[in-house]
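Accompanying notes for the structure given below.
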Amino acid sequence: MKILGIESSCDETAAAIVEDGRRLLSNVVNSQIDIHAVYGGVVPEVAARSHIEVINPVINQALTDANCTWDDIDGIAVTYAPGLIGSLLIGTLAARTLAILKNKPLYPIHHVEAHVYANFLNEKTPEFPMLALIVSGGHSQLVLFRDHGDYELLGQTCDDAVGEAFDKVAKIIGLAYPGGPSIAAAAKNGNPLAYKLPKSKLSGAYDFSFSGLKTAVLRAVQNEVGVDITFPSTQLAGLLTDARRNDFAASFQRIAVETLVDKTERAYFDFDVKSVIIAGGVAANSELRRILSDRIPVNIDYAPMNLCTDNAAMVATMGYYYALKNQPTSPYDLEVAPSLSMAKSA
Ligand code: KG4
Ligand code: ZN
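Pasting the structure below:
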C-alpha cells in the first residue's frame, strides 16, 4: 500500500510517499527557516502564505521522485493537529481537495504521534510495548505505546517544551534561529561544567519543566556580563565573548539533556518495555542520543536526523498503520484541531 503524506503544521511544507509503512519512496521538505530567521522565530501569517506558494509543487515533486502517478497512490495521510491554524489549513485543504478529485481515502494524522513513526522506517521496526520520548519545539512528553494508536501519556512539560527552551536560550546568548542546532554546534567548543544551572524538581515522576532553566541561563548571563535584571535582554548577547557563549550553550545543553534522560531512564525501569525511541526535532541532538544510550541498557535505533525534524515521511508511515485499523475520514468534513494534545486523541 502506497501512502502519500502531507505535512504543513508549522514552518515546513512537506510531502512524501511511503510503501507499506516501511519503504521511503520519496521525501520532499521545503523549509521556511531562512524566511523566519530574520524575525528570530516563526511568524504564523508568513508561514501560511509560504505554504500556499509551495504546497502543489512539493506534492508533485514527491510523486515524481517516487516515480509514481496518482494511480499508484492508495491513500492520503495529512497532519490535521496540532499546529498553527493557518499552516494546518493549507495542508488539509490540499489533501481534502486531492482526496475528492483523485478519489482516494483520506487519513487524519496527529503531528506529535506521527513524529514517533520516523522510527518505523528504521531497518528494525520498534517492538511494543514501546517507550517514546517525544521532544520538539512544541512538545516534551513521555508516552507508553502498547500498540499502534493505543498509548498512555506518562508525563509532559509543565511549561516550555525543550525545543522552545533551546530556541529561547539561543536568543539570549546570541545564537541563530533555530536554537537547537546552533546550541548543539556551539556546545562542541564549550565547557558543559562552566556554569552551574538547576535541574527542576517536579512532583510528577515523568513530568518536565524547562522554564526555570531558561531563566537561570538569563540570570547567569546577566551576572557574567555584570548587569542587573533591568538591563534589556536583547542587548545581553552583544556583551558575551564567543568563549563564554560556547560555555553557556554547553552548560545549558548538559542540564536540558540530563533532565530528559533522567525521566526516560526512570520510566524505562518502571515499565516493562521492549523498545525505547526518541522523536521530534530535539531527537536530532547528538548529546541526547549519546547520554541516553549510555544510561539505558537497551539498544536504541535512532532515526536519521532529517526524519527527526518535521517531514511528511513520518505522516505517511503513520498513515499506513492508521489505515490498517481505522476507516478513512470524509474529505468534506475534516477540520483542523490546532491545540489537540496527544492525551485527548488516545
Ligand atoms: O519537530 P520539530 O521540527 O518541529 C516541531 O514540531 O516543533 O522541532 C523543532 C525543534 C526546534 O525547537 C529546534 O530548535 C529543535 O527542534 N532542534 C534541536 C536540534 N535540531 C532541532 N534541538 C536540539 N538539538 C538539535 N540538534
Ligand atoms: Zn514536529
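Numbering (my numbering), first residue to last: 7 to 352. Yeah, the Cβ is synthetic: ideal placement off N, Cα and C, and Gly gets one too.
Item, Value
"If Ser14 sits next to Ile91, beta carbons under 8 Å apart, how far is it from one beta carbon to the other, in whole angstroms?", "With 8 Å as the limit, Ser14 and Ile91 do not qualify as a contact, their Cβ atoms being about 11 Å apart."
"Is the closest heavy atom of ligand 2 to the C-beta of His400 under 8 Å?", "No answer is possible for residue 400: it lies beyond the span of the chain, which begins at 7 and ends at 352."
"Quick check on the burial criterion: 16 or more other C-beta atoms within 10 angstroms. Buried or exposed for Met348?", "buried"
"To which residues does DSSP link Pro114 through a beta bridge?", "Val84"
"For the 8 Å Cβ check, are there 3 or more pairs between the region 322 to 338 and the region 173 to 182?", "no"
"What did DSSP end up calling Ser15 once you bin it into helix, strand or coil?", "coil"
"Going by other Cβ atoms of all chains shown within 10 Å of its Cβ, with 16 needed for buried, is Ile297 buried or exposed?", "buried"
"DSSP beta-bridge partners for Ile23?", "Leu10 and Ser32"
"Go ahead and label Ser292 buried or exposed: buried means 16 or more other beta carbons lie within 10 angstroms of its beta carbon, across all protein chains shown.", "exposed"
"Nearest by alpha-carbon distance to Leu340: which of Arg28, Asp71, Pro111 and Gly155 is it?", "Pro111"
"Please go through the same chain and pick out, in chain order, the residues whose beta-carbon is closer than 7 Å to the beta-carbon of Ser299, but skip the five residues on each side of it.", "Ile306"
"When burial is assigned at 16 or more other CB atoms within 10 Å of the CB, is Pro114 buried or exposed?", "buried"
"Quick check on DSSP: helix, strand or coil for Ile58?", "helix"
"Of the choices Leu313, Phe275 and Asp316, whose alpha-carbon is the least far from that of Pro303?", "Phe275"
"Give me the residue from Met7, Ala53 and Val52 with the minimum Cα distance to Cys74.", "Met7"
"So, are the CB atoms of Val48 and Asp78 less than 9 Å apart?", "no"
"So which residues touch the region around ligand 2, with touch meaning a C-beta under 5 Å from any heavy atom?", "Ser142 and Asp316"
"Short check: CB of Leu199 to CB of Arg260, under 9 Å?", "yes"
"Can you tell me whether Glu230 is helix, strand or coil according to DSSP?", "helix"
"Please report the straight-line C-alpha distance between Leu330 and Asp26, rounded to a whole angstrom.", "10 Å"
"Identify the continuous alpha helix (DSSP H) that holds Ile41 and give its terminal residues.", "Ile39 to Ala43"
"Let me know if Thr19 comes out buried or exposed under the rule of 16 or more other beta-carbons within 10 Å of its beta-carbon.", "buried"
"Would you call the CB atoms of Gly144 and Pro184 closer than 9 Å?", "no"
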